[in-house]
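Student: Numbering (our numbering), first residue to last: 13 to 117.
Below you will find the structure I want to go over with you.
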């Protein structure tokens with residue numbers, strides 16, 4: 013009888029816990045619904061640093077040799093050339109056309 017009572021009490025506690033969790037998650041979701049979807053774009057637009065697209069290096073200076081990451085590049089010009097000329101590069105995380113923003117450009 014004690015075992016049955018313990019299981020019943022545990023079930024009631026779990027049910028109340030779920031109800032509290034559900035109410036809080038619904039409240040949090042309703043608050044997130046009011047946040048604009050373009051927050052990251054606004055942050056980029058309000059960046060005080062002026063950004064100009066770097067001039068790509070001459071095509072004869074580089075060749076597509078399988079390098080795809082910023083850590084494999086030696087300059088912003090090289091990274092830009094690879095981004096524009098070679099398939100499968102992984103240097104432009106935010107897809108704005110500027111590669112290796114934190115490292116080179």
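Here a beta-carbon is modelled for each residue, glycine too, at the ideal position from N, C-alpha and C.
Since the model is a prediction, treat every value here as computed from it, not as a measurement.
1. Whole-angstrom Cβ separation of residue 87 and residue 116, contact assumed at under 8 angstroms?
2. Alpha carbon to alpha carbon, what distance is there between residue 21 and residue 81?
3. Does DSSP classify residue 77 as helix, strand or coil?
4. Kindly provide the ranges of any beta strand (DSSP E) runs that are 3 or more residues long and lie completely inside the segment 13-41, ordered along the chain.
5. What do you get for residue 112, buried or exposed, if any count of 16 or more other CB atoms within 10 angstroms of its CB means buried?
6. Taking 7 angstroms as the cut-off, is the C-beta of residue 105 nearer than that to any heavy atom in the ligand NAP?
Tutor: If we stick to the structure as given:
1. Indeed they touch by this definition, with Cβ atoms about 6 angstroms apart.
2. 56 angstroms
3. coil
4. none
5. buried
6. With respect to the ligand NAP, the structure shown offers nothing to examine, as it has no ligands at all.
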